[in-house]
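Below is one structure, written out as structure tokens; comments come after it.
2 protein chains.
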Amino acid sequence: MTGLDLFDPISNELNLVETGLLASIDTDLPVLEQAASHLIKAGGKRLRPAFVLLSAKLFGDDVQHAIPLAISLELIHMASLVHDDVIDNSELRRGKPTVMSQWGNRLSIYTGNYVLAKSLALIAEYQRRDVIGIMADTSMSICEGEIKQMRSCYDVSQGLKDYLRRIERKTALLIAVSCQLGAMISQAADEHVQALKRFGYYLGMAFQITDDILDFVADEEILGKPVGSDIRQGVITLPAIYALRCSQHADRLAGLLSSPRACADHAEDIVAMINDSDGIDYAYYASNRFAERALRQLDLLPDVAVRESLHRITDFISGREY
Amino acid sequence: MTGLDLFDPISNELNLVETGLLASIDTDLPVLEQAASHLIKAGGKRLRPAFVLLSAKLFGDDVQHAIPLAISLELIHMASLVHDDVIDNSELRRGKPTVMSQWGNRLSIYTGNYVLAKSLALIAEYQRRDVIGIMADTSMSICEGEIKQMRSCYDVSQGLKDYLRRIERKTALLIAVSCQLGAMISQAADEHVQALKRFGYYLGMAFQITDDILDFVADEEILGKPVGSDIRQGVITLPAIYALRCSQHADRLAGLLSSPRACADHAEDIVAMINDSDGIDYAYYASNRFAERALRQLDLLPDVAVRESLHRITDFISGREY
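What follows is the structure in structure tokens.
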């Protein structure tokens, strides 16, 4: 996914976020500095900072005050990535070696914890009990989501609702909170804060569904990891859930997806079977439904230029341009 | 180490901390509830909550307001323990199976993160930017300490200063902060806050040195883990550092301690050699020096009954009663 020009209205601020992310690693331990910088330089779409900044910009052009919050939310996201890489034993993320593969499990766990603590330090500066409370609750929910994801692997009995609840915790919540807090620290009215929270939630759902689709259809170069990575790890996403119900190969698919060995050895066959069902189309349909709901929230927000950007980003992220 | 009667002045409040710790695990995910409750029920000395409460009690008899802070500090400590168990691959802690051994690495990492987020939520309630800032800085320092400890394993060239800097981050800082914050949220004067912070720091240093000694001299029943656990993992503590300099077997010891294989296979020999040097006495001497410094800080604090308790706890923890 490219389309970074969608973030043009906040490109200056995103550059400051980038500088601030690197500056946030303020330690005299060279190995921690290297590992954390590697994590940051590995990139990523910086979606959460972007949504903080865009949400803030709905309520005033100067969004300098939102930069520490934007950095903080990206750090929380990074902490969960570096811990996930330990847990999944991932060698590559976005096509680059993970902290885990270069420095090992121990340092990865500590780097994650360090980055998490740093994000707390940044949030503390706002002196807002409500903001910190939301961050704490969100962090706990993300943990719950990760545990749910872990326990749902190879579980072919899971349904649409299980999947949606899982991606809600895994992705939608942090994007919802990015939008919500971006508005909260910009003195937005409560109705606007709530509308942005809902916008972020629906958009996050659409985004994760699209991201899960990419694991079936994108090529390795775009994805930065091999096609079928989810399947190889037994992660059952929406296209698979559809295929498990509606594919002509449903029974065979269930047999394969419930076996860690089969998922590892026959990922390509499984991907082909799912592509052969209408699972991908169904997932795009679901993603679009969430995107539509996100767009409806935008109508409740101030009619300023940046609202149009949020509209275009929603179209892009939900795959409406595919 | 027993001596829990030393905490008599705050025994009611410590019971409330215990209840509060269990109540803090508020999740509808049974497996997370079980793992986190297991972690809490595995016990521990609750030193950090005790120091929060005792410090608060120096400035007024009613210390109800300090209970959430006390719970929060114990949760932070627990989060670091559960992550350490993943990293060390520990089967037992305090004689009981670890979360890692019962639920595996993935769930242990997430349980640690959940507990950390919960501690943040509790701290947020105080609406004190300074308190949250101190917690964030402390969390980062603890990570740095853990990384230092990890990199110092099997390193026989390390000296006294390396060791002291390591245990400072690993232990002394969180005890210092427990005392400091207990005073801060009790409207103590700044000079008292600073004296308590120094008290906790020196006491924490004494405590960790004594704890490191126990790995050589206590029996498994008291320790809840086999004697020589540190040595087996290549963790070089003060008695070993002394022996590496002054034992007649210094060269042989250096050869053994720098080899992971030898540490694992010949831990008993190594422990015997260190016991045979004056390393244990030297470490007790060092612990006592820190305890003396801690006691001097007490002179700067209000002359109330609980100060005498802090005095006796210091004597006990530093091993002055051994």
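Respectively, the protein sequence lines represent chains P and Z. If you read the first sequence in the working numbering, its first letter stands for residue 1, the second for the next number, and so on. If you read the second sequence in the working numbering, its first letter stands for residue 323, the second for the next number, and so on. A virtual CB, placed ideally from N, CA and C, is assigned to each residue, including glycine. Quick caveat, the model's predicted, so the values are computed rather than measured.
Presumed contact (8 Å Cβ cut-off) between residue i and residue j, rounded CB distance
i: residue 346 of chain Z; j: residue 393 of chain Z; result: 6 Å
i: residue 429 of chain Z; j: residue 398 of chain Z; result: Contact doesn't hold; Cβ gap of about 19 Å is too wide.
i: residue 195 of chain P; j: residue 9 of chain P; result: Contact doesn't hold; Cβ gap of about 19 Å is too wide.
i: residue 499 of chain Z; j: residue 454 of chain Z; result: Not confirmed; about 12 Å, so no contact.
i: residue 421 of chain Z; j: residue 475 of chain Z; result: Incorrect: roughly 23 Å between the Cβ atoms, too far for contact.
i: residue 294 of chain P; j: residue 203 of chain P; result: 4 Å
i: residue 465 of chain Z; j: residue 105 of chain P; result: Contact flag wrong, Cβ pair sits at about 14 Å.
8 Å Cβ cutoff, residue i in contact with chain Z
i: residue 315 of chain P; result: no
i: residue 151 of chain P; result: yes
i: residue 146 of chain P; result: yes
i: residue 143 of chain P; result: yes
i: residue 109 of chain P; result: yes
i: residue 114 of chain P; result: yes
i: residue 322 of chain P; result: Interpretation of residue 322 of chain P is limited by its pLDDT of 40, a score under 50 that renders its predicted location unreliable; no figure is taken from the coordinates.
i: residue 118 of chain P; result: yes
i: residue 189 of chain P; result: no
i: residue 106 of chain P; result: yes
i: residue 6 of chain P; result: no
i: residue 124 of chain P; result: yes
i: residue 19 of chain P; result: no
i: residue 27 of chain P; result: yes
Helix, strand or coil at residue i [DSSP, three-state]
i: residue 368 of chain Z; result: coil
i: residue 259 of chain P; result: coil
i: residue 663 of chain Z; result: What the structure shows of chain Z is the stretch from 323 to 644, and residue 663 of chain Z is not part of that stretch, so it cannot be assessed.
i: residue 331 of chain Z; result: helix
i: residue 38 of chain P; result: helix
i: residue 242 of chain P; result: helix
i: residue 384 of chain Z; result: coil
i: residue 650 of chain Z; result: There is simply no residue 650 of chain Z to check, as chain Z begins at 323 and stops at 644 in what is shown.
i: residue 608 of chain Z; result: helix
i: residue 321 of chain P; result: Model confidence at residue 321 of chain P stands at a pLDDT of 47, short of 50, so the residue's coordinates are unreliable; what they give is reported in the following sentence. Reduced to three states, the DSSP call for residue 321 of chain P is coil.
i: residue 636 of chain Z; result: helix
i: residue 29 of chain P; result: coil
i: residue 232 of chain P; result: helix
i: residue 185 of chain P; result: coil
i: residue 323 of chain Z; result: Unreliable placement is indicated for residue 323 of chain Z, whose pLDDT of 43 sits below 50; no coordinate value is reported for it.
i: residue 16 of chain P; result: helix
i: residue 450 of chain Z; result: coil
i: residue 237 of chain P; result: coil
i: residue 156 of chain P; result: coil
i: residue 571 of chain Z; result: coil
i: residue 405 of chain Z; result: helix
i: residue 626 of chain Z; result: coil
i: residue 219 of chain P; result: coil
i: residue 499 of chain Z; result: helix
CB contact below 8 Å: residue i versus chain P
i: residue 610 of chain Z; result: no
i: residue 479 of chain Z; result: no
i: residue 455 of chain Z; result: yes
i: residue 462 of chain Z; result: yes
i: residue 507 of chain Z; result: no
i: residue 459 of chain Z; result: yes
i: residue 451 of chain Z; result: yes
i: residue 353 of chain Z; result: yes
i: residue 323 of chain Z; result: Legend: pLDDT at residue 323 of chain Z = 43, less than 50; position of this residue unreliable, no value from coordinates given.
i: residue 586 of chain Z; result: no
i: residue 443 of chain Z; result: yes
i: residue 408 of chain Z; result: yes
i: residue 405 of chain Z; result: yes
Quiz item: Does the segment 231–243 of chain P touch the segment 270–279 of chain P, meaning 3 or more C-beta pairs lie closer than 8 Å?
Solution: Three or more pairs of CB atoms, one per stretch, sit closer than 8 Å, so the segment 270–279 of chain P contacts the segment 231–243 of chain P.
Quiz item: Does the pairing of the segment 300–310 of chain P with the segment 282–289 of chain P give three or more beta-carbon distances under 8 Å?
Solution: Contact fails: fewer than three Cβ-Cβ distances are below 8 Å.
Self-check item: Cβ pair count under 8 Å reaching 3, the segment 164–183 of chain P against the segment 145–152 of chain P
Solution: Touching, per the Cβ criterion.
Quiz item: Is the segment 172–192 of chain P touching the segment 262–271 of chain P, taking contact as three or more C-beta pairs under 8 Å?
Solution: Contact between the segment 172–192 of chain P and the segment 262–271 of chain P is absent: fewer than 3 CB-CB pairs across the two stretches fall below 8 Å.
Quiz item: Would you call the segment 200–212 of chain P and the segment 80–87 of chain P in contact, with 3 or more CB pairs under 8 Å?
Solution: No, the segment 200–212 of chain P is not in contact with the segment 80–87 of chain P.
Quiz item: Does the count of Cβ pairs from the segment 255–266 of chain P and the segment 291–302 of chain P closer than 8 Å reach three?
Solution: No: fewer than three Cβ pairs fall under 8 Å.
Practice problem: Determine, using beta-carbon pairs with one atom in the segment 44–62 of chain P and one in the segment 13–28 of chain P, whether at least three such pairs fall under 8 Å. | Solution: Contact between the segment 44–62 of chain P and the segment 13–28 of chain P is present, because at least three Cβ pairs lie under 8 Å.
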